[in-house]
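Undergrad: Those protein sequence lines, which keep their order, are chains A and B. So that you can map any letter, position 95 of the first sequence is 95 in the working numbering, and since no number is skipped, the others follow by simple counting. All you need for the working numbering is the position in the second sequence, starting with 1, plus 1000. From the three backbone atoms N, C-alpha and C, an ideal C-beta is built for every residue, glycine too. Since the structure is predicted, the reported quantities are computational estimates derived from the model, not experimental observations.
2 protein chains.
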Amino acid sequence: MYAPSEAARRSGFSLDTLRYYEKIGLLSGVGRTSGGRRVFTDDDLGWLVLFRCLRDTGMPIAQMCRYAELAREGEHTAAERKALLEEHAARVEEQMRLLQRQYDHLREKIRYYETVTGPAEATALP
Amino acid sequence: MYAPSEAARRSGFSLDTLRYYEKIGLLSGVGRTSGGRRVFTDDDLGWLVLFRCLRDTGMPIAQMCRYAELAREGEHTAAERKALLEEHAARVEEQMRLLQRQYDHLREKIRYYETVTGPAEATALP
DNA sequence: GCTTGACCTGGAGCGCGCTCCAGGTTGAAG
DNA sequence: CTTCAACCTGGAGCGCGCTCCAGGTCAAGC
């Protein structure tokens, strides 16, 4: 059982983001105290950790909603959920390859500056 | 010398984006035909390739503008430009580490689905 | 009992990076 | 000479993912 601020701290999402996720139905069934305050369970935290993972890897919120919805529908959607994650993982792999490639370009550019940063340089560059 | 559509094709930016980059001063000194149409040189293309690299690695446009401005100021800013790229490269490294870590989580999640996707499954998951 | 800070809701607003549109011009091909 | 696709400009609009705000409620500590 975690207070909102604690849930925020542990998940790395802001309070506003937690409320937002609930509002759009991404996070559902979050409990309340008698006074109306949110109470996050370990289960909720598990979801938040997953969302953190998916967001950090660039999944759009709409797709996370789809996943969450499937999970709510029950176990018979497990295969579809798995497929969704696998497709995403493939996109992430592509993303990692691109990032690596462009990182290498960047490093080469920097290396180029190193050859040029003696006295008597000469270039207008990109 | 490239027509706008050719420059777009080669750089991977849309025509609108090329115009936008010029409008905000990121790309400057793009030539025109007598009739007012853009003409991109190999130099311009070089810039676009660099911008592609920086965008793909997540640099904000404001920072690319800063870089371009420095380059326009002349060779005496080379050290500062290099520093800018190095700081960016460091951020990219961090980004790659995070991406890798979350990708591993994702893979583990998928592997978990594999253990569960026999008959007689049992989980409400995240 | 009172204070104070964490929390609530509904809804507006924002920053980014484009993207689209209207209305007009250009220029190569037929 | 006509056509038509590619291009021009200025400016509005958009999709995303939050973030902020007003105005109020709750509850732990003194």
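Would you check if the distance between the CB atom of residue 2 of chain A and the CB atom of residue 40 of chain A is smaller than 8 angstroms?
TA: Taking the first residue of the first sequence as 1, we reach residue 2 of chain A at position 2. Taking the first residue of the first sequence as 1, we reach residue 40 of chain A at position 40. It is a contact, given that the beta carbons lie within the stated cut-off.
Undergrad: Residues in the same chain with beta-carbon distance under 8 angstroms from residue 88 of chain A, minus the five sequence neighbours each way, listed in chain order, please.
TA: Position 88 of the first sequence, counting from 1, holds the residue named residue 88 of chain A. Once the five neighbours on either side are set aside, the close Cβ partners of residue 88 of chain A are 54, 57, 59 and 63.
Undergrad: Select from A/37, A/25 and A/65 the residue whose C-alpha is nearest the C-alpha of residue 7 of chain A.
TA: One-based indexing of the first sequence puts residue 7 of chain A at position 7. The residue with the shortest Cα to Cα distance from residue 7 of chain A is A/37.
Undergrad: May I have a chain-ordered list of the alpha helix (DSSP H) segments no shorter than 4 residues that lie completely inside the region 1040–1106 of chain B?
TA: Counting only runs of 4 or more, we get 1042–1056 and 1061–1073.
Undergrad: In this structure, does DSSP put residue 37 of chain A in helix, strand or coil?
TA: The residue labelled residue 37 of chain A in the question sits at position 37 within the first sequence. Coil.
Undergrad: From residue 1016 of chain B to residue 1046 of chain B, what does the alpha carbon distance come to, in whole angstroms?
TA: As a position in the second sequence, residue 1016 of chain B is number 16, starting the count at 1. As a position in the second sequence, residue 1046 of chain B is number 46, starting the count at 1. Approximately 18 angstroms between the Cα atoms of the pair.
Undergrad: Leaving out the 5 sequence neighbours to the left and right, which residues in its chain are closer than 6 angstroms to residue 21 of chain A when beta-carbon positions are compared?
TA: The count along the first sequence starts at 1 and reaches residue 21 of chain A at position 21. These residues qualify, in order along the chain: 27.
Undergrad: Please compile the residues from chain B whose C-beta is within a distance smaller than 8 angstroms of the C-beta of residue 109 of chain A.
TA: For the purposes of this step, residue 109 of chain A is taken as residue 109 along the first sequence, with counting starting at 1. Result: 1050, 1053 and 1085.
Undergrad: Report all residues from its chain with a CB closer than 8 angstroms to the CB of residue 77 of chain A; omit the five preceding and five following residues, and keep chain order.
TA: Reading the first sequence from its first residue, position 77 is the one you call residue 77 of chain A. Excluding sequence neighbours, residue 77 of chain A sits near 70 and 71.
Undergrad: Since I believe residue 92 of chain A is in contact with residue 1103 of chain B (beta carbons under 8 angstroms), could you give me their beta-carbon distance rounded to a whole number of angstroms?
TA: Here the question's residue 1103 of chain B lines up with position 103 in the second sequence. Here the question's residue 92 of chain A lines up with position 92 in the first sequence. Confirmed, Cβ separation roughly 5 angstroms.
Undergrad: Could you confirm whether any beta carbon from chain A is found closer than 8 angstroms to the beta carbon of residue 1096 of chain B?
TA: Translated into the one-based positions of the second sequence, residue 1096 of chain B becomes position 96. So, interface residue.
Undergrad: What does the alpha-carbon distance come out to for the pair residue 25 of chain A and residue 43 of chain A?
TA: Start at 1 with the first residue of the first sequence, and residue 25 of chain A comes out as number 25. Start at 1 with the first residue of the first sequence, and residue 43 of chain A comes out as number 43. If you take the alpha carbons of residue 25 of chain A and residue 43 of chain A, they lie about 16 angstroms apart.
Undergrad: Against chain B, with Cβ distances strictly below 8 angstroms, would residue 63 of chain A count as a contact?
TA: Along the first sequence, one-based indexing puts residue 63 of chain A at 63. It does not; no Cβ of chain B falls within 8 angstroms.
Undergrad: Since residue 110 of chain A and residue 1080 of chain B should fall inside the 8 angstroms C-beta cutoff, what is the C-beta to C-beta distance between them, to a whole number of angstroms?
TA: Translated into positions along the first sequence, residue 110 of chain A becomes position 110. Translated into positions along the second sequence, residue 1080 of chain B becomes position 80. Residue 110 of chain A to residue 1080 of chain B, Cβ: 13 angstroms. No contact.
Undergrad: When you compare the CB of residue 1113 of chain B with every CB in chain A, is at least one pair closer than 8 angstroms?
TA: Working through the second sequence from its first residue, we reach residue 1113 of chain B at position 113. It does; some Cβ of chain A falls within 8 angstroms.
Undergrad: Rounded to whole angstroms, what's the CA-CA distance from residue 1065 of chain B to residue 33 of chain A? Just pull it up for me.
TA: For the purposes of this step, residue 1065 of chain B is taken as residue 65 along the second sequence, with counting starting at 1. For the purposes of this step, residue 33 of chain A is taken as residue 33 along the first sequence, with counting starting at 1. C-alpha separation (whole angstroms): 50 angstroms.
Undergrad: Quick one: which chain A residues come within Cβ less than 9 angstroms of residue 1092 of chain B?
TA: The count along the second sequence starts at 1 and reaches residue 1092 of chain B at position 92. The contacting residues are 99, 102, 103 and 106.
Undergrad: Counting only beta-carbon separations shorter than 8 angstroms, does residue 1042 of chain B have a partner in chain A?
TA: Residue mapping note: residue 1042 of chain B aligns to position 42 of the second sequence, counting from 1. Closer than 8 angstroms: no.
Undergrad: I want to see whether chain A comes within less than 8 angstroms of residue 1039 of chain B, judged by CB atoms only; does it?
TA: Position 39 of the second sequence holds residue 1039 of chain B. Output row for residue 1039 of chain B: interface = no.
Undergrad: Name the DSSP beta bridge partners of residue 1032 of chain B, please?
TA: Your numbering for residue 1032 of chain B matches position 32 in the second sequence. The partner list for residue 1032 of chain B (beta bridge, DSSP) reads B/1038.
Undergrad: Near residue 121 of chain A, which residues of its chain fall below 7 angstroms by C-beta distance, leaving aside the five closest residues on each side in sequence?
TA: The residue given as residue 121 of chain A occupies position 121 in the first sequence. Unreliable positioning characterises residue 121 of chain A in this predicted model, as indicated by a pLDDT of 42, which lies under 50. The coordinate reading is nonetheless provided below. Same-chain partners within the cutoff: there are none.
Undergrad: Are the CB atoms of residue 98 of chain A and residue 982 of chain B within a distance shorter than 8 angstroms?
TA: Because chain B here runs from 1001 to 1126, residue 982 of chain B falls outside it and cannot be looked at.
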